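The sequence shown begins at 0 in numbering that gives the first Met the number 0 and counts up one residue at a time.
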Amino acid sequence: MKKVIVFLMSIIFILMGCEDINSSSSIIVSSISESSSIGELEDTPVTVREKWTPSMSTIEKADSLLDVMSIKQKVGQMLQVERNSANYEEAKNYYLGSIFSGGGSVPGTNRLIDWTTMSNNYQNYVMSNDLQIPILYGIDAVHGHNNVKNATIFPHNIGLGAANDPDLMYEIGKITAKEMKALGHHWTYAPSVAAVQDIKWGRSYESYSEDPKIVEDLSIPLIEGLQSENVLATAKHYLLDGFTKNGRDQGESFASEEVVRELFLDTYKKAVEAGVKTIMPSYSSLNNVKMHENSYWLNDVLKGELGFEGIVISDYNAILQLSGNSLKSKVARSINAGVDMIMQANGSWLEETWQDVYDVIISAYNDGLISKERINDAVRRILMVKIDLGLFDNYKIDKASQDDFRKQEYLDVAREAVSKSLVLLKNDNNVLPLSKNENILLLGPGIDNIGYQCGGWTISWQGSTNSELTAGTTILEAFKEASNGNVYTSTNDKDKADVVVVVIGEKPYAEFEGDNNSLSLTSNTAMEGNLEALEQAYQTGLPVVVLMLAGRPLIVTYEINNWDAFVMAWLPGTEGLGISDVLFGDKPFTGKLPVTWPKDISQSNHSIIMDKYSDKVYNENDYLFPFGYGLTY
């Protein structure tokens, strides 16, 4: 009889794989599988859920599931595995709680149908085991749904900090969430709530500002916008990731508890009060203790004092960075310190696999290194988030949600964000705004390149210099659309032009690849051809307007003397028309510097709050441009 049942189930499962991806049908298995270690129980997870009533609280529902789950099933829920490291069968058999896409990890050819097929397949498989708990799908949607080709791409955070518009942030959150749900994604690792204190840091552009108040004012509405559409937000990276020594990514932070609480903890407190569902610790250390094993700040402060009831999710393979040679010890220390779910990927460069992590959690539990209470607490948090999200009832993608992708109204909001993010730093002789009847010579490596406009974390982890990376409007295309005159791109036409606009800046990068000890126009992160384009512009004898595409201020103290006008455009994303809207005078400049612009590299770690943690005194006259600076017309 058992053989017949197994055979029939196999036939059903094969047929299910042929169904339309938008079908809401799923396999219902009400008995415990032979491979399960749950044993003989009166209730199964399926029948437990059938007994849920509207009057039951979230925690009562979660506990009703916990009561019938084995240790193996619980541990499976505590793992978030990269999609390239876990196939559908493994997600089902290990009872995985979550799947994620690392930067650039995409199914097929990165089409909507590839994403929706994959998302629904993962759900179909996990919903065919005896536990039937849907997975959460996580992804770095940090400036729009940026992993996905042709999504709406917004300016990176530092540009949004220059715009400083909380209402706009709420709309960006909602739009990002809608485009995520269209592909079956429930969880973004955003926003970064770091207040960058040294712009040598390679993640400076992920920070809204050096001022924690601006970070707080902008990150909270983004969280609220995301979660209003039932997509999980993540406040990251807890704690002081933007305050490391020498701006080194994943480095060391040294600060008194008083400084931490006065300057950097409040943003997390506000995020918890706003209902953020997940928080990610930093790779970095605080006073020589890695944040992923810092029980005081995770357990005592975050979960205890601040009352955070959501999921603490580790960063990518972060557990492996902890000291020692024992994977069991690393995992046990991290979980006991407060990490609820471990994000793990396999790779040829790694000895440890996520399956190893799974095994050592069970081993640590059996050896008494991790208590049953701690395991239950972690899994309870995960189940409660899934229940509150409505995931048990809406785990598959519906057809209506697939229409919420790259709508014109979304592109209009992105265009508005670009125009509000621009900062006018110099405008001698009122060179700007440009006349729509002028002939313009457009030079520089960034004039016609979507990859440069978008920066890192776009389609891939490090971004790309590919000019056709994703759909969008380049600066050249935007100028041609806005101008009634001619737009030239060759110095051979310099005699026909009235003004030259040079687009220079940084090439795409992400995380530690962007750490930079010089911030010059020829540094390791600089676009190739910056100085050559400037020299070409100078030789024309025309008024020179410089437009910079970069994730942070660069050292231009001497070059700027040759410029008639200077505009900081940050990393604006796909909507280049937001730039032409302002440069041609249809909209005014409203952006203000969210960070200090240094005269030289020795000032890279100067900020508006440095007097609160150092013996330095902030004097606006010491810098090329002080925090909050910005002209208009």
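The beta-carbon is built from N, C-alpha and C at its ideal position, and this holds for glycine as well. Remember, predicted model here, so these are calculated numbers, not experimental data.
* Quick one: which unbroken alpha helix (DSSP H) runs of 4-plus residues sit fully inside the region 132-156? Chain order, please. => none
* Does the beta-carbon distance from E170 to L410 come in below 8 Å? -> no
* Excluding sequence positions up to five away, which residues of its chain have a Cβ less than 6 Å from the Cβ of S25? -> Below a pLDDT of 50, predicted positions are generally treated as unreliable, and S25, at 28, falls in that range; the measurement from the model is reported next regardless. Once the five neighbours on either side are set aside, the close Cβ partners of S25 are M126.
* Asked: Can you tell which of G102, W51, I132 and A85 has its C-alpha closest to the C-alpha of A509?
  -> G102
* To do: With DSSP collapsed to three states, give me the class of H291.
  => helix
* Asked: What is the DSSP secondary structure of T46, counted as helix, strand or coil?
  -> helix
* Backbone secondary structure at M55 - three-state DSSP -> coil
* **Backbone CA spacing between F624 and I174 [nearest angstrom]** => 33 Å
* Asked: Looking at C-alpha atoms only, which residue of Y188, G484 and N123 is the closest neighbour of Y635?
  -> Residue coverage of the chain in this structure runs from 0 to 632, which leaves residue 635 outside it and unanswerable.
* Asked: Which runs of the beta strand (DSSP E), 3 residues or longer, sit entirely within the region 377-449?
  -> 422-426 and 439-442
* Asked: Among T464, D599, I361 and K591, which has the Cα closest to the Cα of Y557?
  -> D599
* Look at I439 and L433 and say whether their C-beta atoms are less than 8 Å apart. => yes
* Would the beta-carbon of L159 fall within 8 Å of that of Y204? -> no
* **Helix, strand or coil at S25 according to DSSP, with G and I counted as helix** => Here S25 scores only 28 on pLDDT, less than 50, and its place in the model should not be relied on; the value that follows carries that caveat. Note: S25 maps to coil in three-state DSSP.
* Which value, in whole angstroms, describes the spacing of the CA atoms of A481 and A496? -> 16 Å
* Asked: For P220, does the three-state DSSP call read helix, strand or coil?
  -> helix
* Do I449 and L468 have their C-beta atoms closer together than 8 Å? -> yes
* Is G504 helix, strand or coil by DSSP? -> strand
* CB contact flag (T115, G183, <8 Å) -> yes
* To do: Using alpha carbons as the reference points, say which of Q249, L239 and N245 lies closest to E261.
  => L239
* DSSP three-state assignment for L285, whether helix, strand or coil -> strand
* Reference I381; option with closest CA among V74, Y121 and V555 -> V74
* Which one of S84, D314 and F253 has the shortest CA to CA distance from H236? -> D314
* So which of A193, T52 and I134 has the shortest CA-CA distance to K91? -> I134
* **Collapsed DSSP secondary structure at Q196 in the structure displayed** => coil
* **Beta-carbon spacing of L305, Y267 below 8 Å** => yes
* With a cut-off of 8 Å on the beta carbons, I'd call N316 and Q343 a contact; round off their distance for me. => 6 Å
* To do: Return the residue from the list L326, V501, N109 and K177 that minimises the CA-CA distance to Y357.
  => L326
* CA-CA distance, D216 and T539? -> 44 Å
* Between the CA atoms of N163 and E256 - distance to the nearest angstrom -> 29 Å
* Just curious, the alpha helix (DSSP H) that M342 is in, first and last residue? -> Where M342 is concerned, there is no enclosing alpha helix (DSSP H), although the beta strand (DSSP E) it sits in stretches over I341 to Q343.
* **Proximity below 8 Å, CB of P44 to CB of L130** => yes
* So what's S191 in DSSP terms, helix, strand or just coil? -> strand
* To do: Give the secondary structure of K60 by DSSP, where H, G and I count as helix, E and B as strand, and everything else as coil.
  => helix
* Pick helix, strand or coil for M609, following the three-state DSSP scheme. => helix
* Which class does S100 belong to by DSSP, given the choice of helix, strand or coil? -> strand
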